[in-house]
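> Going by this note's numbering, the sequence shown opens with residue 397, and the numbers climb by one from there.
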Amino acid sequence: MMGSDKPWERSKAVRPTRRRSDPVLMPELPGSAGPFSGEDSEAEIWSRLSPVSKDVLRCLLTRFGVHPAEEGRLLEEAAAGCWSGLELRAGLSGLQAAGAVQARLRFWGERAVAVTAGSYLKWAAVASPWIAADEEAAHRSAASAVSGGGALYSRALLGALAELARSGPVLTVKGRLHGSTIKALEQAAGLSPESFIQLDPSLRLDYPGSVALVLDWSFSSGILRPGRAWSWDAQKLRTWLDEPLMQRERGLFRWILDRAVRRSAEAAAAASVISSLREDVWYSVPKLEQLCRSRSVWPAGCPGRDSAAWTGLLEWLAGCGWAEWGETEQGESCFRLLLSAEGCGEDGGFRGGRAASAAA
397 MMGSDKPWER SKAVRPTRRR SDPVLMPELP GSAGPFSGED SEAEIWSRLS
447 PVSKDVLRCL LTRFGVHPAE EGRLLEEAAA GCWSGLELRA GLSGLQAAGA
497 VQARLRFWGE RAVAVTAGSY LKWAAVASPW IAADEEAAHR SAASAVSGGG
547 ALYSRALLGA LAELARSGPV LTVKGRLHGS TIKALEQAAG LSPESFIQLD
597 PSLRLDYPGS VALVLDWSFS SGILRPGRAW SWDAQKLRTW LDEPLMQRER
647 GLFRWILDRA VRRSAEAAAA ASVISSLRED VWYSVPKLEQ LCRSRSVWPA
697 GCPGRDSAAW TGLLEWLAGC GWAEWGETEQ GESCFRLLLS AEGCGEDGGF
747 RGGRAASAAA
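#1: Buried or exposed: where does residue 685 fall if 16 or more other Cβ atoms within 10 Å of its Cβ makes it buried?
#2: Per the DSSP calculation, residue 679 is bridged to which residue(s)?
#3: Apart from the five residues just before and just after residue 515, which ones in its own chain have a Cβ nearer than 7 angstroms to its Cβ?
#4: Using three-state DSSP, classify residue 718 as helix, strand or coil.
#5: For residue 723, which of helix, strand or coil comes out of DSSP?
#6: Tell me which same chain residues have a C-beta within less than 6 angstroms of the C-beta of residue 543, skipping the five on either side of it?
#7: Tell me whether the beta-carbon of residue 606 lies closer than 9 angstroms to the beta-carbon of residue 557.
#8: At the level of alpha carbons, what is the spacing between residue 490 and residue 668?
#9: Chain D beta carbons: is any one of them nearer than 9 angstroms to that of residue 736?
#10: Under a Cβ-count criterion, where at least 16 other Cβ atoms within 10 Å of its own Cβ denotes burial, should residue 738 be classed as buried or exposed?
#11: In whole angstroms, what separates the C-alpha of residue 733 from that of residue 641?
#12: How many Å lie between residue 588 and residue 604 at the Cα?
#13: State the start and end residues of the unbroken beta strand (DSSP E) segment that holds residue 499.
#14: Sorted by chain position, which residues of the same chain lie with C-beta nearer than 7 angstroms to residue 610's C-beta, five sequence neighbours on each side aside?
#15: Using the Cα positions of residue 494 and residue 635, report the straight-line distance between them to the nearest angstrom.
#16: Going by CA-CA distance only, name the one from 524, 717, 678 and 660 that's closest to residue 687.
#17: Just verifying my parser: in three-state terms, what is the DSSP assignment at residue 566?
#18: I need the straight-line Cα distance from residue 617 to residue 478, nearest angstrom please.
#19: Within 10 angstroms of its Cβ, does residue 637 collect 16 or more other Cβ (buried), or is it exposed?
#20: Residue 582 bridges to which residues according to DSSP?
#21: Quick one: grab the DSSP three-state call for residue 526.
#22: Should residue 458 and residue 693 be called a contact, given that it needs their Cβ atoms to be closer than 9 angstroms?
#23: What residue from 643, 579, 568 and 482 has the CA that sits closest to residue 623's CA?
#24: Judging by CA-CA distance, which residue of 470, 484, 578 and 535 is the nearest neighbour of residue 445?
#25: From 650, 454, 442 and 463, pick the residue whose C-alpha is nearest to that of residue 658; which is it?
#26: With a CB to CB cut of under 7 angstroms and the five nearest residues on each side skipped, what residues in its chain are close to residue 680?
#27: Name the residue from 497, 725, 676 and 670 whose alpha carbon lies nearest to the alpha carbon of residue 710.
#28: According to DSSP, residue 620 sits in a beta bridge with which residue or residues?
#29: When DSSP labels each residue in this structure, what does residue 737 get in the three-state scheme?
#30: Could you please give the first and the last residue of the uninterrupted alpha helix (DSSP H) stretch that includes residue 664?
#31: Would you list the one or two residues that DSSP bridges to residue 591?
#32: Span of the alpha helix (DSSP H) holding residue 494?
#33: Do residue 502 and residue 496 come within 9 angstroms of each other at the CB atom, strictly closer than that value?
#34: State the Cα-Cα distance for the pair residue 612 and residue 481, rounded to the nearest angstrom.
#35: For residue 507, write down the residues that DSSP places opposite it in a beta bridge.
#36: Straight-line CA distance for residue 565 to residue 454?
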């Protein structure tokens with residue numbers, strides 16, 4: 397574990413300071429143009445960062461993901477390159493001045509920096525881009541589906557919410573749902589999240605994984621309100637139910653990716669790769685794994701091993717009916733999305749045959 401986000405939230409924000417010794421701010425260094433407007437895109441900011449700032453940001457993304465990194469440890473990790481300590485500190489100051497990272501002072505005096513969860517996917521895409529040649533090498537023109545494309549997750553979620561509404565979100569004296577309600581929810585929810593998904597610890601400890609996921613989403617969406625007695629927000633529930641099916645699915649897709657980003661640097665890298673894929677296109681799984689490895693420092697001593705976060709996320713997407721596994725005639729493992737978190741087909745729905753049947 398890399399630590400809880402709560403100490404980060406309780407820490408004090410640190411404003412960027414300009415030092416005369418900071419070479420990243422000197423005009424003779426390439427890529428250090430400024431000032432930044434605060435409305436620049438990640439790609440625009442990246443193009444204007446100095447080389448040392450880019451290296452520090454890459455190190456932060458690949459080794460820590462969105463988790464706060466102690467400033468000293470971050471600079472120590474980044475020192476593997478050709479930069480001096482002074483240059484690395486200047487590069488970090490440049491990142492903060494550009495708004496690429498946030499810096500906070502913890503109550504014991506330690507400085508920590510982090511990339512926000514909401515901007516991670518965009519930073520990962522510009523810091524470790526997948527160029528056209530790489531995508532072409534990963535693309536497979538033909539493959540046969542072997543598994544995946546199951547029932548859509550929003551329908552399973554709707555069934556779980558119906559069970560919860562039927563029994564009522566009534567809590568025991570210990571503040572938990574009754575055992576019979578938990579069993580009914582577990583049966584309706586179906587899928588159980590693996591270690592790549594970040595869930596609320598209190599829910600994860602008190603409930604089976606599939607039930608914890610349903611409750612976590614219900615609370616985060618505001619449909620279910622916590623307290624001594626849980627209650628429904630009827631308006632938010634009605635709004636969600638009125639959304640088109642594909643809109644609900646894409647919203648859940650984005651929510652799952654966000655949970656993966658918050659889990660670990662490895663899971664965040666997996667989410668960033670998935671978010672860059674096009675719908676209804678077969679990709680070589682080994683090639684996708686290479687891209688994932690370029691965006692995360694995987695455990696040492698495990699060359700060639702699949703990442704639990706990487707394979708877990710692929711399996712989850714297929715189980716939710718959003719993707720499917722395939723195989724080429726040569727026996728190479730392939731994977732394709734039947735929908736993405738953002739894009740959609742011309743009809744606003746799935747393009748894949750199995751998913752189209754599931755959506756019918």
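Every residue gets a Cβ at the ideal spot worked out from N, C-alpha and C, and that includes glycine.
Looking at the coordinates:
#1: For this step, residue 685 is matched to residue 289 along the sequence shown. Result: buried.
#2: Position 283 of the sequence shown holds residue 679. According to DSSP, residue 679 bridges with 535 and 731.
#3: As a position in the sequence shown, residue 515 is number 119, starting the count at 1. Contacts found: 438.
#4: On the sequence shown, position 322 is the one that residue 718 refers to. Reduced to three states, the DSSP call for residue 718 is coil.
#5: Against the sequence shown, residue 723 aligns to sequence position 327. Strand at residue 723.
#6: Sequence index remark: in the sequence shown, residue 543 carries index 147 (1-based). The residues are 721.
#7: The residue given as residue 606 occupies position 210 in the sequence shown. The residue given as residue 557 occupies position 161 in the sequence shown. Their beta carbons are not under 9 angstroms apart, which means residue 606 does not touch residue 557 by this criterion.
#8: Numbered from its first residue, the sequence shown carries residue 490 at position 94. Numbered from its first residue, the sequence shown carries residue 668 at position 272. Roughly 24 angstroms between the two C-alpha positions.
#9: No chain D appears in this structure, which consists of one protein chain only.
#10: In the sequence shown, counting from the first residue as 1, residue 738 sits at position 342. Flag for residue 738 reads exposed.
#11: Residue numbering aside, residue 733 sits at position 337 when the sequence shown is read from its first letter. Residue numbering aside, residue 641 sits at position 245 when the sequence shown is read from its first letter. In a straight line, the C-alpha of residue 733 is about 17 angstroms away from that of residue 641.
#12: For this step, residue 588 is matched to residue 192 along the sequence shown. For this step, residue 604 is matched to residue 208 along the sequence shown. Spanning the two alpha carbons is a distance of roughly 8 angstroms.
#13: Counting from one through the sequence shown, the residue named residue 499 turns up at place 103. Element bounds for residue 499: 498–501.
#14: Taking the first residue of the sequence shown as 1, we reach residue 610 at position 214. 553, 556, 581 and 585.
#15: One-based indexing of the sequence shown puts residue 494 at position 98. One-based indexing of the sequence shown puts residue 635 at position 239. Their Cα atoms are separated by approximately 38 angstroms.
#16: Counting from one through the sequence shown, the residue named residue 687 turns up at place 291. It is 524.
#17: Residue 566 sits at position 170 when you count from the first residue of the sequence shown. It is coil, neither helix nor strand.
#18: As a working mapping, residue 617 is identified with position 221 in the sequence shown. As a working mapping, residue 478 is identified with position 82 in the sequence shown. Roughly 46 angstroms between the two C-alpha positions.
#19: Within the sequence shown, residue 637 is the residue found at index 241, counting from 1. Classification of residue 637: exposed, given that the 10 Å Cβ count is below 16.
#20: In the sequence shown, counting from the first residue as 1, residue 582 sits at position 186. According to DSSP, which records beta bridges pairwise, residue 582 is partnered with nothing at all.
#21: The sequence position of residue 526 within the sequence shown is 130, counting from 1. Of the three classes helix, strand and coil, the one that applies to residue 526 here is coil, per DSSP.
#22: In the sequence shown, the residue the question calls residue 458 occupies position 62. In the sequence shown, the residue the question calls residue 693 occupies position 297. Contact flag set, yes.
#23: Taking the sequence shown and counting its residues from 1, the one referred to as residue 623 is at position 227. Nearest C-alpha to residue 623: 568.
#24: Here residue 445 corresponds to residue number 49 of the sequence shown, with the count starting at 1. Closest by alpha carbon: 484.
#25: Counting from one through the sequence shown, the residue named residue 658 turns up at place 262. Nearest C-alpha to residue 658: 463.
#26: Within the sequence shown, residue 680 is the residue found at index 284, counting from 1. Same-chain partners within the cutoff: 534, 536, 728 and 730.
#27: Here residue 710 is taken as the residue at index 314 of the sequence shown, counted from 1. When only C-alpha atoms are compared, the closest one is 670.
#28: By one-based count along the sequence shown, residue 620 stands at place 224. Per DSSP, 628.
#29: Residue numbering aside, residue 737 sits at position 341 when the sequence shown is read from its first letter. Reduced to three states, the DSSP call for residue 737 is coil.
#30: To locate residue 664, count along the sequence shown from 1; it is residue 268. Taken as a continuous stretch (DSSP letters only), the alpha helix (DSSP H) holding residue 664 covers 661–671.
#31: As a working note, residue 591 is residue 195 in the sequence shown. Note: residue 591 sits in no beta bridge, so no partner.
#32: Walking along the sequence shown from the start, residue 494 turns up at place 98. 481–494 is the extent of the alpha helix (DSSP H) around residue 494.
#33: Position 100 of the sequence shown, counted from the first residue, corresponds to residue 496. Position 106 of the sequence shown, counted from the first residue, corresponds to residue 502. No, they are not a contact pair.
#34: As a first step, residue 612 must be located in the sequence shown, where it is residue number 216. As a first step, residue 481 must be located in the sequence shown, where it is residue number 85. Going from the Cα of residue 612 to the Cα of residue 481 covers about 42 angstroms.
#35: As a first step, residue 507 must be located in the sequence shown, where it is residue number 111. Note: residue 507 sits in a beta bridge opposite 501.
#36: Residue 565 sits at position 169 when you count from the first residue of the sequence shown. Residue 454 sits at position 58 when you count from the first residue of the sequence shown. Going from the Cα of residue 565 to the Cα of residue 454 covers about 45 angstroms.
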